[in-house]
Structure formats: structure tokens, C-alpha cells
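J.: Position 522 of the sequence shown, counting from 1, maps to 522 under our numbering, and the rest follow consecutively.
For reference, the structure I am asking about is given below.
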Amino acid sequence: MSHPSSVHAGRQFTLLIVVVVTLAVPHGLANEVTEATPLWSIGAPDGSSIEFAPGSRPKLDFVIGSSVAARDFAGHHEGTIGSTGAESGEKPYAIEFELPAAPADDCRLVLDLIYTYGAPQQLRITVNGAAGVFPILPTAKKDVDSFQGNMALLSGQRLVAVIPKRLLRHGANRLALAPQGVGALDYDALAFYEAASAPEQSFATPRLAPTQLYTETAAGLAEQRTLLVPFSQRFESGRTVIQISGKNIDAELDAGDCEFGVISQPVAIPAQERPQAAEIAVTLDDQTTRARVDFVPAKRWKIYVCPKVHNDVGFTDYQPHVNELDTRNTDVVLSILRKYPFYKFNFETAWLVDNYLDCRPEKYRQELVARCREDRAAVNAFYLNLLTGICTGEELYRSMYFAHELHRTQGTGFEMACLTDAPSHTWFLPTLLNDVGITAFANGSNQARAPILVLSDLNEQSPFQWEGMNGERVLMWYARSYAQLKMLTAQGYISPREGYGYFRATLPQFLSRYLQPEYIPDAVMVYGAYVDNAAIPETGEAEYIEQWNREFAYPRLIVATDADYFRYIKASCGERLPTYRGDAGAYWEDGVASSAAATACNRHTQQLLPAAETSSSFATMMQPRFRYPAEDFRAAWKNVLFYDEHTWGAYNSISQPDRPGAQKQWEVKESYARRANLDARTLNARSLNRLCQQITVKQNTIFAFNWQNRQRSQPLEVDLDDAAELIDLSTNQPVELDVLHRHDGFKQVRFMAKDVPAMGYRGYEARSPLPPPADPTAKQESRVNGAGARSGVEQDHPEAWTLAGTHYRLTVDPATGGLSSLIDRATGRELVEQDGPYALNQYLYVSGGAESLILDLKFGSAPADLTIAPPTGAHVVEKIDGPLGQRIVVETTAPNTPRLRCEYRLYNDLRRVDIVNTLTKTATRDKEAVYFAFPFAADEPEFEYQIQNGWVRPNEDQLPGACREWFATQNLVQVRDGQASAVLACREAPLVTLVDVNRGKWPQRLEAANGRVFSYVMNNYWFTNYRAEQGGEFTFYYSVTSGEGLSRADVANFDADTRSPILAYPYISSFSASVAQGERPLDAASGSFLSLDEPNLQLVGVKAAEDGHGYIVRLLETAGQAGDATLALPHVVLQAAHLCNGVEVNQRELTASAGEVSFPYQPHRFTTLRLIVGEDEP
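Printed below as a string of C-alpha cells:
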């Protein structure tokens, strides 16, 4: 997905600052003027052209004192060689100004220039008809906003031009500017000074400016330099002699028709191996000037051009159309590879290869695989360009399975990993990549709404070592956006006749960001070639690269795979590179809150699919006659990945949300989440049914399945016949039921499934009770089947708003429906901030923010003006003291939210508070956001949020420039205050803000001024791609726990209980088939399928191996400890076991004996095992 302005040269400004012309102070007030005061100025040197009129003009006349910069002076100025569709020739921008007297000395024109694209070659300045010329010398410029952050060529220059006094006069003067050659510049500021108060001139003496270019000459390797010679009047003859290392280099000098300025003369200096002193003698007519300069040889750069076309699944067009374009592009790639033996190509996603293999006949498939096998084409290990902050760890492993399967079966490479467009990624990536054997990673980072490179120097420090949580490292290149080859060639914007000249100028300009003395490598990466779903040109710019390498020895252009580049870096300087640790934040993940319902659906699927695979695995282990439905699971995971892929919708999803094309794209996108969820539920049902077929049952039975490595107790919700009761088959005692409602002869009940075995199940038989013999049975029925005591307390009575449970006491705020108090009864600690503006779980509807900084970090945009509206009209709907605990239901309303229902649950046997928020929301396209506030009481708060393999502390565990305005959590956020902790689980909604709601401040540091956590459930702040509106019914589940000295294991257990709960499965007879089918190997009361002796290992899932050999068990260490664990399978024969990497490659054999296997594990890492089990007939 492209930032719209990153592709087109035109500017889009939302705010114009009118007036930026500063007139000279009258001479009578000269004593009040500082020496930096110019005679006149246009604009301010703020790094931006925002003060100027947008676009460019063929010519303009600006009059100091009457013209207005925002209207009359265009900020963009094209060179003399026109781009496609533009005329060639000078395009003078003239400035007319008055001088009260002829100056006594030379004056200075100070130009602060910005080069957003390719810079011109020179700037011609004409003063009252006399021409001058000055060199364009781009140097690195700091970005001021996201637009600039996307510009790979962004550079700048302060040009202080000496204007000879003889050319200026009392009264009216006219000065004209005209960039020369192909390219363009932008104006940051212009100012005109008298000499006494002027900044130092740019070119006082001759010097040799580096070009970064080397050529092969007859005499050997030569470094191309530009000799810069200032002159102040016309001359007839000019000559220079440069002495270096005992050699003289002579050159003639010619200024053409220019009367002043700086001559730019190319000279070839014999290549030097170390710094040298050089003498420059310049003779203009009969005047000779000498200068001694330090000559530091330029690096002999290697530029690895790594072509890719950016893959959006949609955005530019309807998804099926994009898929067809992708296959045509791959046809073009194969053609280029045939024609140009030196050319290579990088498939930005493995999906591009999968799509081609699915859509072309065998001949073409074989050719593609052959090119990949030969390393002419590289396949990204990642299947899609994912928003990694919302992906689970297992999902990220699965995203690499296709590329690895191609590697395993076809011999293609598996060492390239990149993510494009999505700008920032989870700290889990270094650990993940190390686990699959990949040692490098590149990110083509779009800075729109994601200024990580604007707020840091990670691009300028690339490549660097990105260090993971446990010290695992990958080499990383952090690129400014993508499609960089196109930025260098301007393919499609510059005529082919001028294209190479533009390319010749832009490559050194591209290098300007890496010229700092401390930069270690001598090689950089050009990341990608073409924008979103572009049609690849038939040559892939190969002819430009050929021509360049014929002309220049250095920089050497190497068309390469990403892996080629990183191999070179690792060998040449890998150990000397800087190291950065931390999470990059979740900049683009905020868009998933524009489709909250579908996002919640996909999050459910992320957890249910591994559980379904586990059930299916145990079923097929016990009954080999069952076929494990591997393809069905792969298809479901594929849809999960497609939903979490970064393309959410159409490019015009915000500007034209009613357009059929935009609506069709969203229909497809949403279907990924819905189809994956339906598939997960059906696969889970069938898998559990198969598993139950191994259990001896006598009649209808509710099974509670616990796929975690510890005994657990949790509330489960099921439906029963109206007269039925549940019997715990382990105790043969009735289970207490909390009846939620009765309808049409059935009842919906909640019961506590207690002490369900680890990695196993517990059975509850559904029986119809015997006829009641006497009054005592009425009491029994109330105990077993009743809904508990419903409160009849009046609304205005204080107790109507309070629940007092075993572990917590809560009080609902009658004004908002949130909790004004939540007391941990074990510690007596109040968990809710008492002097803040919000209650706990208070709904916040936030409006405003249009055309403000909250939409993007755009220079000159106004701060967001937000209105935060609380709910009103709270009233208690239901208050129940039931057999499991207590619950209270409150309803209220808020703007665009006609109904909000908040249910709070306390349990007798569980140390947590469950919250269920159900709301009806009206769709609107006005800018909005929705939050639930959780203001935890904390004097010295310390925050942590959960990623795939551990925890991140904002600031301490984040990369420079990382997102701190919002965060993506896997589930939990913890707020510590000394030894006390409060932990919030956010099952459906992955986004949170800390301390305050999102206000578009783009902070570089989070200041923990309070303990407030805001679940950020909805927004429509994006200007493209994401949803413009959302309405309907939404449900968000939250849980809160607390304690003194909570361990990592305690918090991990809370995570599993809220995110991967016990599953209730009703094994029920139909009217035509009974579940009672005789003896089976397992007892209905309870049982376990697997045992594991280390409680800090959390089961992620069990699945059939991709290669068909055995089963894969994935575990996650959660307490930050290393050790050894023993796993046992009590019901099958364990024949062999291996420790594997993350893509199921055996690393070493483990000793399996007596049905057990021991294995090592590492802190905060996933452990993958392969188990080979026997296939004894039942």
C-alpha cells in the first residue's frame, strides 16, 4: 500500500501558512536589528516547503512586499529538461525587490533547498540580467514528516551564493532562479543579506567535491571529483593544476556566459588508497589562487539492487484482478531472466510464487522453480506482507511453511526474509528467524502514519544487528519505503531518452545518507523496484544497470537477491555493525480497529485452530484409520494469514467508500476472517467428535477439553434439555448450574468445570432427573438448575451497584456504568485510580481529529481537537448471586452508541473479574475512535505488553522511533506498582494505548504519568486502505486479575485461561444415532493424552508433520527459564523423537524410552518436537 504522495511528484498540503515574506527593518532602527536579519526573506528554514504555493510553474514573478508566498511562489521548481509531459527549457522564478541604496559590499543569497526526488545539476541565478551559476550538492537532510520519510532520495543543501555588489543597484532589482538539467528542487527558504550580517558563503576557495564515482582509465582506476572554483566576474581563460601524490592533473575552466558563481569542473584523480594532501592552483585570466585541501578517497561502493514489485493483495484493484496481474508479472520476470544473465529478482511474498504455480501449466511452473533453484529468483520466507503485531507466534511460523516446503521438495532457497510496506514489526522476529535458520531481514518501511525512520536514524545505520529478547541476532536493512529502483530511474515519469541521465545523478544522491565517517559497510541495498501491483517493464531497467557498469567501476551495481547482499555484509563487516534491541511497535496495526468485528473473529480463529489441530492429532494417534485433514487446516491457516496481511481494502476505501470496487474488496477481505473461523469451528467439532469416539460413554456427555499443561478449572457455557442436569462422572455428583435463560424446551447454562486434567478432559453426563419425591428436591433443583438469587434492590440503593465476591469487591459507577472501585480482597488494594477522570471499563466515544496530526505526521498539520464523551443513563438490568459467583449487568448509552451493555462477573473459585461489553454502534464516516478505559491505581506505574514470546516494556524494550502512541498486545497488559500488579486481558481487541488516548502526538518516549490502559477497539483515522466506517453489534471480552509479586508463570496461566480456555464439547446423540457405541479405550470420567513435567512450558499445539512423518508438538517457555523437560504419551507407542527448528526440520535426535522423551528448552522461545508414534491397530 503506497502513501499517495510517495508515487506522484505533486504535493498535497492541508494547511498553508500565509505570509512568509520578511521585509528589512528601516535603517533608522538598525540598532534594533540582529546581525542575522536579512534584507528580505521568503519562507522559513524549517525543513519544509509548506509556506509556499503547491506544485510548480513554468515561470513566476514574485514582488517583495506585495506578493504572498503561499499564493505566488511555487515550492517546487523543475529543471530545464522536462519530465514526461513537461516542456524543456528554463523555468525562471523571478524575485523583484527594492534596495534603499547600492550596497557597499557583496551581498549573500541564502537558499535552503530540498531535493525530494532527483536533484538538478546546477542552479542558474540571474541578477539584473547578469547570469551566475552554482553547483547542486545534495547532502543528507533530516525528515520533518512522514512524506519526507518515504523519500529515498531526500536530501538538502544550504547554498550561500555571493552576489557581487556591482550587479545590485539602488531601487528596483530583479533576481531569477532556474535549475539546470534533469531533476527538480523544492524551496525551504530564501533570504537576502548584506555581507556584514550574512552567513558564511558556501564556496570561498577552490575545493574538490566527491562524486562517489570511479572510472577505469588507460592509466588505471580514477576517482571522479568535481572541482569547485568560485569566481566573481567574467574571465576569458581559465586553467587549473591539481597536484596529488606527485602527479599533476590539468584542466581547462570555462564559465560560459556566466559572470559570477562557482564553476563545476569534472576532474579524474588517480585513485588513492589513503587520505592525501592536494594542492589546487586556479588561474582565471592573470589571477592565480592556490588552496591546499585534504583529499579523503571516497569509498568504493557496491550497490546491491534487489528488484521486487510490491505485492498488495488488493488495494489497487479487485483481488482476483491483482492475482492475475501477479502471474503476468512473473511471466515478465522469467523473460527478463532469460534475456539478462546478470539479472536477479526477489519475489516479495511467497504467495506470488504459490499463485503462479497454481495458475500456469507445468512448463512454466518448471521454469520458475528452476530459476529459484539457481538463485536467479529468490522466494521470501514470509507468505505475505503481514501486520506482525497482530499475528500469533504459531501464525508467523505457518507463514513460512509454504516457502520452506518449496525449499524441501524443490531445492529452492530459504534464506531471504523481508516485509514490505508495513513499517514496523514485532520484537519476536529475530527469535523467529533464528529458529528457522534465517540470519537476515529487510523491511521496506512505508512512513505514512508510521514515522519510525523519521524519528530515528535506523535507515542511516542500516545494516545493523537486530537483537532479539534472548540475544538472537539478525542482520537488518531498514529501507525508506520501497520501489527504490523506480525512484532512482523515475521510470514512467522521465522520458526514456533522459532516464539514464537522471539515474546517473540519483545514485550518488541516494548514497548521501550513508556518507557519515562512522558508517562501516562499503555496500548498501536498493530495496525493491516497483510500486504496488505495478506492471513490471519488459527489461526491468536492466539496460540502465548495464550502461552504468560499463561507464563506472564504482559504485558497482550488483543485481542481487536480498540474501546476496546480506552474505556480503556478513563476510565483510558483520561483526562490526551496531546492535539495536527492541520492538518496533505496531504503527499500521491500528487500522485493524477499523473492522473490529472481523478482527475479533480472526483472533478467535488464531486460538481455535491450534486447539482443533491438537484434537485431530490425538484422535489420529489413537485411531490410525482416521486421516488427519492437513489440507483443510492449511486452507484455514491461509485465510487467517490473508486477513492479517497488510492490505485491508481499496486505495479509495476512505475517499469513495460507496464505490462498488471498494466494497467488493472489503467483501473479499472480510471473507478471509469469516471463512477461516467457520473452518476452524467445523474442524474443531469433527476433531473433538473423533476424539470422543475413543471414549466409552453411556449417554449424552459434555466433555471439557483442556489443552494446557496444568490442571485447570473454568466456567463453561452449554445448552441442555430444560429438565436435564449434569453429573460429574469423576465424582458421580450433580454439578451446580447457573441458568442463563430458558427457551423452547432448552436452557443455556454456565457451570464450573473443576480440576480438568492437564492435556486431557473431564466428562459430565447429561441426565434427566428422577421425579421429585418430596420438598427437599425442590431445594436440590434450585441448587442444581436455578439461576441464583436475582436482586430486588432498588436502583438508588448503594448496594444495587456493588458485588462482593470471594476475591474481589466491585462497585459500578452509576454515572458511566464503569467500575468506580475494584478491591482485591486478598490485599485490600484498590485497583481503580480514584482521582482520575475515568472509571474502570468506562466506554469512551471520541470524536474529532479531521485534517489533524492524528491522521498522519504531516508537517504543518494542526494538533487533534478531540471530544471525549462518556456514557450516560446507566441503569442496572440484572444482578445475580448464583452458584458460580455473582454478576451484575448495566446498560447505558453514548454518542453513536444507542445501547451499551456491560456485564461484570465475579467467581467463587477463580481469582479474576470477567467483563463482557456488548454494544450497538451507529456507523459514521466522521472521524471517531472508541475505547474502554482501565485506569489502574499506580503511584509509580511500569507497563508491559505481551508479544508472541514474552514481554515488552515501552521505551526500555523498543527500537528508536518505535510506535509509542498505541501498542498491539497478544492478549495481556500488565501494570506494576512496586510489588503490586494488575493484569488486563484483551481477547478480541489487540490495540491499547497507555496513559492517554491516541491524540496524534507521535511521541518519541512514553511518559508513564499514570497507570491508565485504554483498550483501543475502533477508529477510522486512516486516509486509505482501511474501513471508513463500522456499525452494528460488537462484543468485547476482558478479564482482570491482580496480586502481590505475580510471577511470570502466574501471568502466563492467566493468559492461557483467558485466551486458550477449556473447550466444552457436547457429545450428544441425534434422533437417529446414539453416541453410546460400546467399549472404547478411554474412560469417560477423565483422562490425559500427554504429560509434561515443566509447568512453565505452555502447549501451543500438536499437529501432523508437514512431511507426513510423525507429529509436531510446539511449546512456548513462559517464565524466562532454561531447562530440560520430559514429555510422555500414555496411550500410544512413542517410537522416536527429534528436536526440530520452527519449520519442522530435525536438528537432533532425542532419546525416547518407556513412552517418554526428554528435551531441552530455552527462555522465551518456542520449542518444536517431532514425535514418531506407533500405529497399532485398535
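Virtual Cβ for every residue (Gly too), placed ideally from N, Cα, C.
The alpha helix (DSSP H) with tryptophan 666 in it runs from where to where?
T.: It spans 660 to 692 - the alpha helix (DSSP H) in which tryptophan 666 sits, taken as one unbroken run.
J.: Which word fits histidine 863, buried or exposed, when buried means at least 16 other C-beta atoms lie within 10 angstroms of its C-beta?
T.: Correcting the residue type first, residue 863 is proline in the shown sequence and not histidine. Classification for proline 863: exposed.
J.: Reducing DSSP to helix, strand and coil, say where glutamine 656 ends up.
T.: Coil at glutamine 656, not helix or strand.
J.: Nearest CA to the CA of valine 296: which residue from Asp285, Val369, Ala278, Pro941?
T.: Closest option to valine 296, Cα to Cα, is Ala278.
J.: Give the straight-line distance between the Cα atoms of arginine 360 and aspartate 326, rounded to the nearest whole angstrom.
T.: Spanning the two alpha carbons is a distance of roughly 12 angstroms.
J.: Assuming proline 883 and leucine 737 form a contact by the criterion Cβ under 8 angstroms, report the distance between their Cβ atoms to the nearest whole angstrom.
T.: Confirmed, about 7 angstroms.
J.: Considering only the beta carbon of each residue, do glutamate 840 and proline 935 sit closer than 8 angstroms?
T.: Before going on, a small fix: residue 840 reads as leucine here, not glutamate. In this structure, proline 935 lies closer than 8 angstroms to leucine 840 by Cβ.
J.: Let me know if lysine 698 comes out buried or exposed under the rule of 16 or more other beta-carbons within 10 Å of its beta-carbon.
T.: Lysine 698 comes out exposed.
J.: Please name the residue, chosen from Val1173, Thr918, Asp145, that lies closest to leucine 453 on a Cα-to-Cα basis.
T.: Taking only the C-alpha atoms, the option nearest leucine 453 is Asp145.
J.: So glycine 43 and tyrosine 187 are in contact, right, with Cβ under 8 angstroms, and what is the actual spacing, rounded?
T.: Glycine 43 to tyrosine 187, Cβ: 6 angstroms. Contact.
J.: Enumerate, from N- to C-terminal direction, the unbroken alpha helix (DSSP H) stretches of 4 or more residues contained entirely within the segment 1055 to 1099.
T.: Taking only runs of at least 4 residues, no alpha helix (DSSP H) segment lies wholly in the segment 1055 to 1099.
J.: Would asparagine 1179 be called buried (16 or more neighbouring beta carbons within 10 Å of its own) or exposed?
T.: With the chain running from 1 to 1178 in the structure shown, residue 1179 is simply not present.
J.: Looking only at DSSP bridge pairs, what is leucine 177 linked to?
T.: Looking at the DSSP assignment, leucine 177 forms a beta bridge with Tyr93, Ile125.
J.: Within the same chain, show all residues whose beta-carbon is closer than 8 angstroms to that of asparagine 971, passing over the 5 residues directly before and after it, in chain order.
T.: Closer than 8 angstroms at Cβ, skipping near neighbours: Gln946, Ala985, Cys986, Arg987, Asp1055, Thr1058, Arg1059.
J.: Applying the criterion that 16 or more other CB atoms from any shown protein chain within 10 Å of the CB defines a buried residue, is serine 424 buried or exposed?
T.: The residue is buried, with at least 16 neighbouring Cβ atoms inside 10 Å.
J.: Which one of Arg681, Ala542, Glu546, Pro960 has the shortest CA to CA distance from alanine 612?
T.: Comparing Cα-Cα distances from alanine 612 to each of Arg681, Ala542, Glu546, Pro960, the minimum goes to Arg681.
J.: Going by DSSP, name the residue or residues bridged to tryptophan 707.
T.: Its beta-bridge partners do not exist; DSSP assigns none.
J.: Check whether the segment 532 to 548 touches the segment 204 to 221, taking contact to mean three or more Cβ pairs, one atom from each stretch, closer than 8 angstroms.
T.: No, the segment 532 to 548 is not in contact with the segment 204 to 221.
J.: Give the straight-line distance between the Cα atoms of tyrosine 115 and alanine 490, rounded to the nearest whole angstrom.
T.: Taking the straight line joining both Cα atoms gives about 14 angstroms.
J.: Of all the options Ser713, Arg712, Asn709, Val718, which has the alpha carbon lying nearest to the alpha carbon of asparagine 700?
T.: Ranking the options by Cα distance to asparagine 700, first place goes to Val718.
J.: Terminal residues of the continuous alpha helix (DSSP H) containing arginine 328?
T.: 319 to 339 is the span of the alpha helix (DSSP H), which, as asked, contains arginine 328.
J.: Note down, in chain order, each residue of its chain lying with its Cβ closer than 7 angstroms to the Cβ of arginine 911, except the 5 sequence neighbours on either side.
T.: Within the same chain, arginine 911 has close Cβ partners His807, Thr1041.
J.: Output the distance between the C-alpha atoms of glutamine 663 and arginine 1114, rounded to the nearest integer angstrom.
T.: Spanning the two alpha carbons is a distance of roughly 39 angstroms.
J.: What does a CB cutoff of less than 8 angstroms around serine 768 pick up in its chain, not counting 5 residues either side in sequence?
T.: Hits under 8 angstroms: Asp721, Ala723, Ala724, Glu725.
J.: Assign glycine 389 to buried or exposed, taking buried as 16 or more other Cβ atoms, counted over all protein chains shown, within 10 Å of its Cβ.
T.: With 16 or more Cβ atoms within 10 Å of its Cβ, glycine 389 is classed as buried.
J.: Checking 8 angstroms against the spacing of the C-beta atoms, do asparagine 706 and valine 756 come in under that value?
T.: Their beta carbons are under 8 angstroms apart, which means asparagine 706 touches valine 756 by this criterion.
J.: For glycine 468, which residues from the same chain have a beta carbon less than 6 angstroms from its beta carbon, with the 5 sequence-adjacent residues on both sides left out?
T.: The answer, listed in chain order, is Pro430, Thr431.
J.: Determine, using beta-carbon pairs with one atom in the segment 302 to 317 and one in the segment 270 to 277, whether at least three such pairs fall under 8 angstroms.
T.: Not touching, per the Cβ criterion.
J.: Taking only three categories from DSSP, how would you classify phenylalanine 1159?
T.: Three-state DSSP puts phenylalanine 1159 in a strand.
J.: Nearest by alpha-carbon distance to alanine 101: which of Leu167, Lys142, Tyr514, Pro58 is it?
T.: If we check each option's Cα against that of alanine 101, Leu167 comes out closest.
J.: Roughly how many angstroms lie between the CA atoms of tryptophan 351 and tyrosine 672, to the nearest whole one?
T.: Cα to Cα, tryptophan 351 sits roughly 15 angstroms from tyrosine 672.
J.: For the candidate residues Thr579, Val640, Arg627, Gly582, whose alpha-carbon lies nearest to that of arginine 603?
T.: It is Val640 whose Cα lies nearest to the Cα of arginine 603.
J.: Taking the continuous alpha helix (DSSP H) assigned at glutamine 366, which residues delimit it?
T.: Glutamine 366 -> alpha helix (DSSP H) spans 362 to 373.
J.: Specify the secondary structure class of serine 512 as computed by DSSP and reduced to three states.
T.: Three-state result, serine 512: helix.
J.: Can you list the beta strand (DSSP E) stretches of 3 or more residues lying completely in the segment 366 to 426, in chain order?
T.: The qualifying runs are 377 to 379, 418 to 421.
J.: Closer than 8 angstroms is the cut-off here; do at least three beta carbon pairs connect the segment 914 to 932 with the segment 1023 to 1042?
T.: With the cut-off at 8 angstroms, the segment 914 to 932 and the segment 1023 to 1042 touch.
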